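A.B. asks:
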Ligand code: ADP
Ligand code: ASP
Ligand code: MG
């Protein structure tokens with residue numbers, strides 16, 4: 446007997462018929478003699494609707510109430526799935542985050558899981574229950590409901606698998622696994638059989654939304670092997686696991702894109718020690734994550750800084766940066782939200798040169814201008830005009846021979 450954790454994403458529980466399909470799969474795993482914990486997301490589109498409602502209500506909703514609202518989608522699906530399992534003759538029990546409890550810090554809308562209470566789950570499993578847990582949510586030390594950031598049910602699943610030392614952690618979604626790029630952009634994309642935590646971390650943080658970044662961080666930290674697979678068939682999916690020798694032979698494993706960032710430029714800043722801290726500290730204090738940063742070489746005592754922030758934070762960030770610019774005597778602040786970031790990722794890059802220049806020449810052959818560049822040991826990212834995103838992904842995917850060759 447194994448302890449199996451299965452997570453079903455929004456598209457897998459998007460209708461009552463789909464929930465019936467999930468119930469059958471869960472029941473099959475249980476009938477094979479396993480203990481089963483199921484984590485579910487809200488029905489597809491529901492969380493977006495809740496976010497839109499909050500925005501309709503006021504410009505800057507209270508963070509506490511925002512989490513109370515957006516966490517409700519998962520309450521619907523845990524109840525529906527449990528009802529369905531019970532109607533099929535199984536013992537099932539649903540849990541909200543605070544009932545487990547899934548304890549988090551108090552960073553509303555981006556909370557981090559700190560620990561998971563095991564007792565309730567263990568007791569239910571022992572008495573033959575299938576345990577159904579609401580993904581995406583937890584509770585802080587004051588008893589407030591928190592949420593884990595968009596796509597957070599993946600993290601709930603991996604955290605539960607780690608916390609209860611599960612034997613198997615399966616993330617069921619609407620594609621067969623992790624592909625060399627988003628299969629909705631490139632039909633020729635190839636499913637990857639196994640991928641290292643490091644590459645998956647980069648893919649997730651650079652736009653492949655198939656797994657939330659934190660779920661991969663968690664899996665890496667606690668050595669959880671994640672099996673990403675489809676809820677609509679029985680095909681083997683992708684194993685996200687420790688790097689092995691075979692993985693290093695692949696130069697580039699994947700291409701990603703991200704249209705969720707916007708660019709801010711601060712021009713003609715009087716250049717002296719401390720200006721970067723002056724600009725970025727207030728943004729950090731406001732919980733705004735900065736991604737790429739470029740500072741130009743100083744000329745006649747002045748410099749320019751350009752950086753990217755999540756699009757959703759652009760309004761808030763601009764207001765802060767404009768205030769700072771006035772204080773430090775910078776000339777002008779401008780922004781552009783019509784940008785996208787395309788990236789190539791691969792652990793094989795560590796031992797090979799020429800990958801970045803091949804990326805640049807591939808983009809330039811299509812007349813795509815590169816606005817910003819950032820690199821790490823295993824990735825190269827370029828910010829480009831967003832209208833070229835899909836084209837850039839397709840040409841890079843082809844240039845690095847990632848397709849099925851169909
Ligand atoms: P779920 O609702 O199951 O959590 P998501 O929509 O969050 O599913 O993630 C699955 C989607 O991720 C796929 O439908 C696919 O379009 C997208 N995706 C983006 N990049 C990749 C990739 N490299 N491999 C697989 N899927 C990807
Ligand atoms: N329902 C949440 C979202 O849409 C969490 C998840 O799907 O993982 O972001
Ligand atoms: Mg998801």
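Residue numbers (the numbering used here): 446 to 851. C-beta atoms are modelled at their ideal positions from N, C-alpha and C, and glycine is treated no differently. On a predicted model such as this, the values are computed, not experimentally measured, just so you know.
1. For residue 785, name the three-state secondary structure that DSSP assigns.
2. Residue 496 and residue 515 look like a contact to me (Cβ under 8 Å); what is the Cβ gap, rounded to whole Å?
3. Secondary structure at residue 804, three-state DSSP: helix, strand or coil?
4. To the nearest angstrom, how far is it from the Cα of residue 694 to the Cα of residue 721?
5. Is residue 549 closer than 8 Å to residue 585 when the C-beta atoms are compared?
6. Using a 10 Å radius around the Cβ and a threshold of 16 neighbouring Cβ atoms, would you call residue 797 buried or exposed?
7. Please classify residue 391 as buried or exposed, where buried requires at least 16 neighbouring CB atoms within 10 angstroms.
8. When we look at the beta-carbon of residue 615 and count the other beta-carbons within 10 Å, is it buried (16 or more) or exposed?
9. Give me the pocket residues for ligand 3, defined as CB within less than 5 Å of any heavy atom, sorted by chain position.
10. So who's on the other strand from residue 587, going by DSSP bridges?
11. What's the call for residue 752, buried or exposed, on a 16-neighbour Cβ count within 10 Å?
12. Using three-state DSSP, classify residue 537 as helix, strand or coil.
13. DSSP three-state label for residue 837, please.
14. Checking 8 Å against the spacing of the C-beta atoms, do residue 538 and residue 479 come in under that value?
15. With hydrogens ignored, establish whether the beta-carbon of residue 655 is closer than 7 Å to any heavy atom of ligand 4.
16. Considering only heavy atoms of ligand 1, does any lie closer than 7 Å to the CB of residue 692?
17. According to DSSP, is residue 603 helix, strand or coil?
18. Given the structure, does residue 518 come close to ligand 2, in the sense that its CB is under 7 Å from one of the ligand's heavy atoms?
19. For residue 628, which residues from the same chain have a beta carbon less than 7 Å from its beta carbon, with the 5 sequence-adjacent residues on both sides left out?
20. Rounded to the nearest angstrom, what separates residue 765 and residue 727 at their Cα positions?
21. May I ask which residues mark the beginning and end of the beta strand (DSSP E) holding residue 483?
22. Does the beta-carbon of residue 706 have 16 or more other beta-carbons within 10 angstroms, so that it is buried, or is it exposed?
23. Please list the terminal residues of the continuous beta strand (DSSP E) segment that includes residue 703.
24. For the candidate residues 788, 608, 691, whose alpha-carbon lies nearest to that of residue 699?
25. Opposite residue 549 in the DSSP bridges: which residues?
26. Looking at C-alpha atoms only, which residue of 768, 712, 675 is the closest neighbour of residue 466?
27. Taking Cβ positions, are residue 485 and residue 622 nearer each other than 8 Å?
28. Give me the DSSP bridge partner(s) of residue 753.
29. Within the continuous alpha helix (DSSP H) that includes residue 409, where are the two ends?
30. Measuring CA to CA, which of 769, 782, 778, 540 is closest to residue 757?
31. Reducing DSSP to helix, strand and coil, say where residue 654 ends up.
32. With a Cβ-Cβ cutoff of 8 Å, do residue 816 and residue 800 count as a contact?
33. For residue 671 versus residue 685, is the C-beta spacing smaller than 8 Å?
34. Of all the options 625, 771, 556, which has the alpha carbon lying nearest to the alpha carbon of residue 849?
35. Taking DSSP's pairing of strands, which residues face residue 797 in a bridge?
36. So if DSSP puts residue 674 in a beta bridge, which residue, or which two residues, is it bridged to?
C.D. replies: Put simply:
1. strand
2. 6 Å
3. helix
4. 39 Å
5. yes
6. exposed
7. The first residue shown for the chain is 446 and the last is 851, placing residue 391 beyond what the model contains.
8. buried
9. 454, 596
10. In the DSSP output, where bridge partners are listed per residue, residue 587 has none listed.
11. buried
12. In the structure shown, the three-state DSSP call for residue 537 is strand.
13. Three-state result, residue 837: helix.
14. no
15. Only ligand 1, ligand 2 and ligand 3 can be found as ligands here, which leaves ligand 4 out of the picture.
16. no
17. helix
18. yes
19. 620, 634
20. 7 Å
21. 480-485
22. Buried, because 16 or more other Cβ atoms sit within 10 Å of the Cβ of residue 706.
23. 699-703
24. 788
25. 558
26. 675
27. No, Cβ-Cβ distance for residue 485 and residue 622 is not below 8 Å.
28. 708
29. Shown here, the chain extends from 446 to 851; a query on residue 409 therefore has no answer.
30. 782
31. coil
32. no
33. yes
34. 625
35. Answer by DSSP bridge pairing: none, since residue 797 is not bridged.
36. Beta-bridge analysis with DSSP links residue 674 to 617.
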